[in-house]
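Student: Starting off with a structure, shown below.
Numbering (our numbering), first residue to last: 429 to 492.
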């Protein structure tokens, strides 16, 4: 409210990554053998409350 739509769009473009577009362009590596973990994250994100999954692990193991 009270802000121009163009200003919001530039902030989104500046601070966000369009993962769907990157995946369509083949810039994101596929995930193999993690169906259970992916389903678990999706289920957590779909909750009405406490919908914040946390990925933990050593650096370089693929948390992103």
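C-beta atoms are modelled at their ideal positions from N, C-alpha and C, and glycine is treated no differently. Please read all numbers here as calculations on a predicted model, not as lab measurements.
If contacts are defined as beta-carbon pairs under 8 Å, then residue 450 and residue 459 qualify, I think. What distance do you get, rounded to the angstrom?
Tutor: Working through the chain shown from its first residue, we reach residue 450 at position 22. Working through the chain shown from its first residue, we reach residue 459 at position 31. Actually they do not touch by this definition, with Cβ atoms about 14 Å apart.
Student: Quick check: what's the CA-CA separation for residue 443 versus residue 473?
Tutor: Your numbering for residue 443 matches position 15 in the chain shown. Your numbering for residue 473 matches position 45 in the chain shown. Taking the straight line from one Cα to the other gives about 21 Å.
Student: Tell me which residue opens and which closes the alpha helix (DSSP H) that residue 451 is part of.
Tutor: Along the chain shown, read from residue 1 onward, the residue named residue 451 stands at position 23. That run of the alpha helix (DSSP H) goes 447–452.
Student: Where does residue 460 sit, in a helix, a strand or coil, going by DSSP?
Tutor: What you label residue 460 is simply residue 32 of the chain shown in a count that begins at 1. The answer is coil: DSSP assigns residue 460 none of H, G, I, E or B.
Student: Considering only residues of the same chain and omitting the five flanking positions on each side of residue 485, which have a CB-CB separation below 7 Å?
Tutor: Mapped onto the chain shown, residue 485 falls at position 57. Within the same chain, residue 485 has close Cβ partners 491.
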